[in-house]
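Count the sequence shown with the working numbering and you get residues 30 to 277, in order. Just so you know, even glycine gets a beta-carbon here, dropped at the ideal spot from N, CA and C. Just so you know, these numbers come straight off a predicted model, no measurement behind them.
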Amino acid sequence: MDLLLNKNAIITGAARGIGKSIAMKFASEGANVAIIDIAPDDILNETVNEISGFNIVCKGYNADVTNAQQVETIINEIAKDFGKINILVNNAGITRDNLLIRMKEEDWDKVINVNLKSVFVMSKAIQPFMIHQRSGTIINISSVVGIAGNAGQTNYSASKAGIIGFTKSLAKEIGSRNIRCNAIAPGFVETEMTKQLPEEVIKQYTQIIPLKRPAKPEDIANAAVFLASDMSSYITGQVIHVCGGMLT
Ligand code: NAD
Numbered sequence: 030m031d032l033l034l035n036k037n038a039i040i041t042g043a044a045r046g047i048g049k050s051i052a053m054k055f056a057s058e059g060a061n062v063a064i065i066d067i068a069p070d071d072i073l074n075e076t077v078n079e080i081s082g083f084n085i086v087c088k089g090y091n092a093d094v095t096n097a098q099q100v101e102t103i104i105n106e107i108a109k110d111f112g113k114i115n116i117l118v119n120n121a122g123i124t125r126d127n128l129l130i131r132m133k134e135e136d137w138d139k140v141i142n143v144n145l146k147s148v149f150v151m152s153k154a155i156q157p158f159m160i161h162q163r164s165g166t167i168i169n170i171s172s173v174v175g176i177a178g179n180a181g182q183t184n185y186s187a188s189k190a191g192i193i194g195f196t197k198s199l200a201k202e203i204g205s206r207n208i209r210c211n212a213i214a215p216g217f218v219e220t221e222m223t224k225q226l227p228e229e230v231i232k233q234y235t236q237i238i239p240l241k242r243p244a245k246p247e248d249i250a251n252a253a254v255f256l257a258s259d260m261s262s263y264i265t266g267q268v269i270h271v272c273g274g275m276l277t
């Protein structure tokens, strides 16, 4: 299929996990892909080579999405390399879980910066290009815990809830310029991020998911393709739950 033919997409945190899967699906739908990640060069290059196999243009850019100056430089470089920028996926994210009483201030700050400030930094840097084109779509990766909450994740849940407020506000701000902004709230997804969890916790999650299995990164990527494509051209300011029915 060619749902994203000739579109140019920027995806953050796409060296691995959900971001990589989104990049692969976008490429398989004909999009050119720019990946921004802090992953070591060998990992980033391996991903770029894999995605380039889809016969589209794929390039990797090493940058920290919390650093506004680095991001501005990289976005200008991407605009030179790719021309127009049609799609932005704010996917980069981390966890630093702990009960609030034991949570270090630096773990609060780090999670809020990587998960939420990055969405502000990236979306702001991309604005002039999308406004000039009078088109574009932004997809922010939130989480079901940003809606329902989760013990041990006050920092992470706050960052993901913040993304939802950001998404709804920006959608209202830029809709008149033909730019859409939506969020995806994944449930429990099998990636390196969740591999760290004890086997028992993974079992408990699986039991409470009505579809009785964790999500694969591709489940999230399919929703991202929909939101990036013209099939969702009348959808903005929304949060799509991709969680196997975990949250209704
Ligand atoms: P992951 O840890 O496998 O991948 C995250 C990627 O982000 C890595 O490649 C990492 O290098 C990159 N990254 C981290 N900090 C960065 C920074 N400052 N600048 C640039 N890149 C940075 O994680 P994942 O499971 O694929 O998660 C992807 C997104 O989905 C995250 O926002 C996460 O919060 C969200 N999410 C994941 C789950 C899940 O169960 N895995 C559930 C809901 C939401």
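Opposing strand residues paired with residue i [DSSP bridges]
i	result
residue 117	39 and 167
residue 194	According to DSSP, residue 194 bridges with nothing at all.
residue 62	38 and 87
residue 209	166
residue 182	127
residue 215	271
residue 244	218
Cβ neighbour criterion (16 or more within 10 Å) applied to residue i
i	result
residue 151	buried
residue 246	buried
residue 230	exposed
residue 60	buried
residue 134	exposed
residue 274	exposed
residue 71	exposed
residue 58	buried
residue 129	exposed
residue 199	buried
residue 262	exposed
residue 248	buried
residue 122	buried
Contacts around residue i, its chain only, beta-carbon distance under 6 Å, and the 5 residues preceding and following it disregarded
i	result
residue 217	234 and 243
residue 178	186
residue 137	184
residue 241	none
Proximal residues to residue i (C-beta, below 7 Å), its chain only, five neighbours per side dropped
i	result
residue 174	182, 185, 186 and 189
residue 207	163 and 164
residue 65	39, 41, 90, 92, 94 and 103
residue 225	none
residue 258	32 and 33
residue 83	56 and 57
Neighbourhood of residue i by C-beta distance below 8 Å, restricted to the same chain and skipping five residues each side
i	result
residue 12	Nothing about residue 12 can be read from this structure; the chain reaches only from 30 to 277.
residue 214	171, 172, 173, 175, 176, 189, 193, 268, 269, 270, 271, 272 and 276
residue 280	Nothing can be reported for residue 280, as the shown portion of the chain is limited to 30 through 277.
8 Å contact criterion, which residue i and residue j should meet: CB distance rounded
i	j	result
residue 36	residue 104	Actually they are not in contact, since the Cβ atoms of residue 36 and residue 104 sit about 17 Å apart, beyond 8 Å.
residue 46	residue 40	The pair is not a contact, with the Cβ atoms about 11 Å apart (cut-off 8 Å).
residue 180	residue 54	Their Cβ separation, rounded to whole angstroms, is 33 Å, which puts residue 180 and residue 54 out of contact at 8 Å.
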